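To keep things clear, I will list the structure first and then write my remarks on it.
Number of protein chains: 2
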Amino acid sequence: MDKSDQSVERVKKDISRYIELPEEEWLLFKSHLNFLALQKGEFLHKAGNKTNRIYFTLKGCIRTYNLKDGKEKNYNFHFEDDWYAPYYSILTDKACSLNAQAIEDTELFYLTIQDLNQMYELGKNWQKLGRLLAEKVFIEKEKKEEQLRFNNPEEHYKLLLMEKPRFVNRVQQYHLASYLDISPETLSRIRNRLRNQ
Amino acid sequence: MDKSDQSVERVKKDISRYIELPEEEWLLFKSHLNFLALQKGEFLHKAGNKTNRIYFTLKGCIRTYNLKDGKEKNYNFHFEDDWYAPYYSILTDKACSLNAQAIEDTELFYLTIQDLNQMYELGKNWQKLGRLLAEKVFIEKEKKEEQLRFNNPEEHYKLLLMEKPRFVNRVQQYHLASYLDISPETLSRIRNRLRNQ
DNA sequence: ACTATTTATTGATCCAAATCAATTTAATTA
DNA sequence: TAATTAAATTGATTTGGATCAATAAATAGT
């Protein structure tokens, strides 16, 4: 598979959820898209470098994580039809602190922030897209913070089960534990408890 | 004091940091601004209502917090020249989960999201402002999450000391503790430790 | 299908921070 | 400025989850 019509249509459809998309602007956007395939285990990018790409996931799963004192902490997971960008790095123009690794065989499109900025220049529609996407990641983040602060691990896991079934179904337990900021042992015990009740 | 030239100029100056601001657009924006003064202890808004205002702080301090099981958890503090909006509520059009209270005598300007949306319609400059502000709160949030996850309370407090001196200097210790997600006793012990070394 | 390796489970121990309780210090208010 | 209330400190105790350790189950590789 590559930049087939079918794949590109999925991007178009997603963008159309946010803004009106005149055909000629879409064609310009489309021309910026590049295809990328990763095998399970391969890296999209590693911390320490500046990255300037915005990704759209076609299939598979990307895990992002921070590394500190030799320990990994998972930051997020991105599945098919999710956008992903090392936002903080791009916005602040600092080296990226996230590592991004495929934990399934994964296919993506990407464009660069420079290309996106070019789109922003086209007018308020594209600025609006930028605003809406920024607002969306903000909202996600907001939710996660609240859940981290107000719920104990068990409640947090239950919420995840409801709100992000893909996380629970497709991600290994020790990765999930790291995402929830608990040890794998604790997550195992939580699941055990939930099973027996 | 009220909508004096001097106060309004501070808003203009701040917006100009983000976008070019033609005089006639500024005049329109300015006409949307309303003045509000609160005494220490008074509330800007309470959880459970929909709020649609975006605030610019002229002086004083606003504390925002969540309430769960009768316990307060401080979410943020806003001082002079800070923007504040119950972003999540405005963006999702859900009832606000935050309470906002003046913890010093406080003066603010506000405009409604409807007014801001009207500004957005003027063109890409204003959409850009919206985007940049959304990106800014996102970055703030991102930083805080990272600090919460990777640092123990003592390290977290030291970072706050460096990065947000206004928090440490002007906010009561038990409010700060709640913001840092630790008990007041723990914060007191941290400060004690730092004093004796 | 068998082996090696990785991941998940279960139990025992430990520890950082929470909670509980009492006292001192600081801030309000009469 | 004295009296009252609120906030901060300090000590004792408890606890939820981490860490350590050993085993079982699952996955990947041959």
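These protein sequence lines are chains A and B, in that order.
Going by the numbering used here, the first residue of the first sequence is number 589, and it counts up by one from there.
Going by the numbering used here, the first residue of the second sequence is number 589, and it counts up by one from there.
Where is the CB? At the ideal position from N, CA and C, for every residue including glycine.
Since the structure is predicted, the reported quantities are computational estimates derived from the model, not experimental observations.
query = To which residues of the same chain is Arg754 of chain A closer than 6 Å at the C-beta, ignoring the five residues directly before and after it?
reply = Indexing the first sequence from 1 puts residue 754 of chain A at position 166. Cβ within range, chain order: Phe667.
message = Can you look up Tyr663 of chain B in the DSSP assignment and give me helix, strand or coil?
response = Numbered from 1 along the second sequence, position 75 holds the residue referred to as residue 663 of chain B. If DSSP states are grouped into helix, strand and coil, Tyr663 of chain B belongs with the strands.
ask   = Which of helix, strand or coil does DSSP assign to Asn654 of chain A?
value = To locate residue 654 of chain A, count along the first sequence from 1; it is residue 66. Three-state DSSP puts Asn654 of chain A in a strand.
request  = Show which residues of chain A have a CB atom less than 7 Å away from the CB atom of Asp769 of chain B.
outcome  = To locate residue 769 of chain B, count along the second sequence from 1; it is residue 181. Neighbours of Asp769 of chain B on chain A, chain order: Arg737.
Euclidean distance between Cα positions of Ser604 of chain B and Ile727 of chain B = Mapped onto the second sequence, residue 604 of chain B falls at position 16. Mapped onto the second sequence, residue 727 of chain B falls at position 139. Taking the straight line from one Cα to the other gives about 20 Å.
inquiry  = Can you pull the chain B neighbours of Ala722 of chain A, defined as C-beta to C-beta under 8 Å?
reply    = In the first sequence, the residue the question calls residue 722 of chain A occupies position 134. Within 8 Å Cβ-Cβ: Arg719, Ala722, Glu723, Phe726.
query = Roughly how many angstroms lie between the CA atoms of Asp670 of chain B and Ser766 of chain A, to the nearest whole one?
reply = Taking the second sequence and counting its residues from 1, the one referred to as residue 670 of chain B is at position 82. Taking the first sequence and counting its residues from 1, the one referred to as residue 766 of chain A is at position 178. So the two alpha carbons sit approximately 34 Å from each other.
query = Enumerated in chain order, which unbroken segments of the alpha helix (DSSP H) with a length of 4 residues or greater are wholly contained in the segment 713-779 of chain A?
reply = Annotation note: the segment 713-779 of chain A contains the following uninterrupted alpha helix (DSSP H) runs of length 4 or greater, listed N- to C-terminal: 741-751, 753-758, 761-768.
request  = Kindly list the residues whose CB is nearer than 7 Å to the CB of Pro741 of chain A, restricted to its own chain and excluding five residues on each side of it in sequence; keep chain order.
outcome  = Numbered from its first residue, the first sequence carries residue 741 of chain A at position 153. The answer, listed in chain order, is Leu768, Ile770, Thr774, Ile778.
task = Quick one: give me the first and last residue of the beta strand (DSSP E) that Ile642 of chain A is part of.
result = Position 54 of the first sequence, counted from the first residue, corresponds to residue 642 of chain A. That run of the beta strand (DSSP E) goes 641-647.
message = Applying the 10 Å Cβ sphere with the 16-neighbour rule, what's the burial state of Thr680 of chain B?
response = By 1-based counting over the second sequence, the position of residue 680 of chain B is 92. Around the C-beta of Thr680 of chain B, fewer than 16 other C-beta atoms lie within 10 Å, and the residue is accordingly described as exposed.
inquiry  = For the alpha helix (DSSP H) containing Asn705 of chain A, name the first residue and the last one.
reply    = Here residue 705 of chain A refers to the residue found at position 117 of the first sequence. That run of the alpha helix (DSSP H) goes 701-708.
query = Would a check of beta-carbon distances place Gln798 of chain A closer than 8 Å to chain B?
reply = This structure cannot settle anything about residue 798 of chain A, because the visible part of chain A is limited to 589 through 785.
task = Could you name the residues of chain A that Thr680 of chain B contacts, counting a contact when the two beta carbons are closer than 7 Å?
result = The count along the second sequence starts at 1 and reaches residue 680 of chain B at position 92. Correct list: Ile727.
inquiry  = Once DSSP output is grouped into helix, strand and coil, what is the label at Leu609 of chain A?
reply    = Counting from 1 along the first sequence, the entry for residue 609 of chain A is found at position 21. Three-state DSSP puts Leu609 of chain A in coil, outside helix and strand.
ask   = Under a Cβ-count criterion, where at least 16 other Cβ atoms within 10 Å of its own Cβ denotes burial, should Met589 of chain B be classed as buried or exposed?
value = One-based indexing of the second sequence puts residue 589 of chain B at position 1. Only weak support exists for where Met589 of chain B lies, its pLDDT of 48 falling under 50; the coordinates are left without a value.
query = Whose C-beta lies closer than 7 Å to the C-beta of Leu704 of chain B among residues of the same chain, with five residues either side of it excluded?
reply = Sequence index remark: in the second sequence, residue 704 of chain B carries index 116 (1-based). Apart from the 5 residues on each side of it in sequence, Leu704 of chain B sits with its Cβ closer than 7 Å to the Cβ of Ile642 in its chain, given in chain order.
task = Can you give me the start and stop residues for the beta strand (DSSP E) that Gln689 of chain A sits inside?
result = Taking the first residue of the first sequence as 1, we reach residue 689 of chain A at position 101. Per DSSP, Gln689 of chain A belongs to the beta strand (DSSP E) from 687-690.
ask   = Looking only at C-alpha atoms, which of B:Leu616, B:Asn687, B:Asn637, B:Tyr676 sits nearest to Arg651 of chain B?
value = Residue 651 of chain B sits at position 63 when you count from the first residue of the second sequence. Comparing Cα-Cα distances from Arg651 of chain B to each of B:Leu616, B:Asn687, B:Asn637, B:Tyr676, the minimum goes to B:Asn687.
inquiry  = Looking at chain B, is there any beta carbon in it that lies within less than 8 Å of the beta carbon of Tyr675 of chain A?
reply    = Taking the first sequence and counting its residues from 1, the one referred to as residue 675 of chain A is at position 87. Answer yes: the Cβ-Cβ gap between Tyr675 of chain A and chain B drops below 8 Å somewhere.
ask   = Cα separation between Thr639 of chain A and Tyr606 of chain A?
value = Along the first sequence, one-based indexing puts residue 639 of chain A at 51. Along the first sequence, one-based indexing puts residue 606 of chain A at 18. Distance between the alpha carbons of Thr639 of chain A and Tyr606 of chain A: 25 Å.
query = How long is the line joining the alpha carbons of Lys659 of chain A and Leu747 of chain B, rounded to whole angstroms?
reply = Locating residue 659 of chain A in the first sequence gives position 71, where the first residue counts as 1. Locating residue 747 of chain B in the second sequence gives position 159, where the first residue counts as 1. Rounded to whole angstroms, Lys659 of chain A to Leu747 of chain B spans 21 Å at the Cα level.
request  = Taking Glu613 of chain A as the reference, give the member of A:Lys656, A:Tyr708, A:Leu632 with the closest Cα.
outcome  = Reading the first sequence from its first residue, position 25 is the one you call residue 613 of chain A. Out of A:Lys656, A:Tyr708, A:Leu632, A:Tyr708 has the C-alpha closest to the C-alpha of Glu613 of chain A.
inquiry  = Looking only at its chain, what residues have a beta carbon closer than 8 Å to the beta carbon of Arg737 of chain B, apart from the 5 residues adjacent to it on each side?
reply    = On the second sequence, residue 737 of chain B is found 149 positions in, with the first residue counted as 1. Around Arg737 of chain B: no qualifying Cβ.
inquiry  = Using only the alpha-carbon positions, how far apart do Cys684 of chain B and Val725 of chain B sit?
reply    = Counted from its first residue, the second sequence places residue 684 of chain B at position 96. Counted from its first residue, the second sequence places residue 725 of chain B at position 137. If you take the alpha carbons of Cys684 of chain B and Val725 of chain B, they lie about 17 Å apart.
message = Would you say Gly658 of chain A lies against chain B (beta-carbon separation less than 8 Å)?
response = The residue given as residue 658 of chain A occupies position 70 in the first sequence. False, the Cβ-Cβ gap to chain B never drops below 8 Å.
request  = Say whether chain B places a C-beta atom closer than 8 Å to the C-beta of Lys712 of chain A.
outcome  = Walking along the first sequence from the start, residue 712 of chain A turns up at place 124. Cβ-Cβ to chain B under 8 Å: yes for Lys712 of chain A.
ask   = Mind checking Arg719 of chain A: buried by the 16 CB within 10 Å criterion, or exposed?
value = On the first sequence, position 131 is the one that residue 719 of chain A refers to. Looking at its Cβ environment, which holds 16 or more other Cβ atoms inside 10 Å, Arg719 of chain A is buried.
message = Output needed in chain order: residues of the segment 611-642 of chain B with a Cβ under 8 Å from some Cβ in chain A.
response = none
ask   = Within this structure, are the beta carbons of Leu621 of chain B and Val596 of chain B separated by less than 8 Å?
value = The residue labelled residue 621 of chain B in the question sits at position 33 within the second sequence. The residue labelled residue 596 of chain B in the question sits at position 8 within the second sequence. Yes. Within cutoff.
ask   = Taking Cβ to Cβ, would you say Gln715 of chain B is nearer than 8 Å to Lys716 of chain A?
value = Working through the second sequence from its first residue, we reach residue 715 of chain B at position 127. Working through the first sequence from its first residue, we reach residue 716 of chain A at position 128. Yes, the Cβ-Cβ distance between Gln715 of chain B and Lys716 of chain A is below 8 Å.
Rounded separation between Tyr672 of chain B and Lys647 of chain B - CA only = Against the second sequence, residue 672 of chain B aligns to sequence position 84. Against the second sequence, residue 647 of chain B aligns to sequence position 59. Cα to Cα, Tyr672 of chain B sits roughly 13 Å from Lys647 of chain B.
inquiry  = Measuring straight from C-alpha to C-alpha, what distance separates Gly629 of chain A and Gln594 of chain A?
reply    = Taking the first sequence and counting its residues from 1, one reaches residue 629 of chain A at position 41. Taking the first sequence and counting its residues from 1, one reaches residue 594 of chain A at position 6. Spanning the two alpha carbons is a distance of roughly 26 Å.
query = Any idea if Lys729 of chain B is buried or exposed, counting beta-carbon neighbours within 10 angstroms, 16 or more meaning buried?
reply = Taking the second sequence and counting its residues from 1, the one referred to as residue 729 of chain B is at position 141. Buried: at least 16 other Cβ atoms inside 10 Å.
query = Which residues of chain A have a Cβ atom closer than 7 Å to the Cβ of Gln715 of chain B, listed in chain order?
reply = Counting from one through the second sequence, the residue named residue 715 of chain B turns up at place 127. Chain A residues near Gln715 of chain B: Lys712, Gln715, Lys716, Arg719.
inquiry  = Among the candidates B:Phe644, B:His633, B:Gln760, whose CA atom is the shortest distance from the CA of Glu692 of chain B?
reply    = In the second sequence, counting from the first residue as 1, residue 692 of chain B sits at position 104. Of B:Phe644, B:His633, B:Gln760, the residue nearest in Cα terms is B:Gln760.
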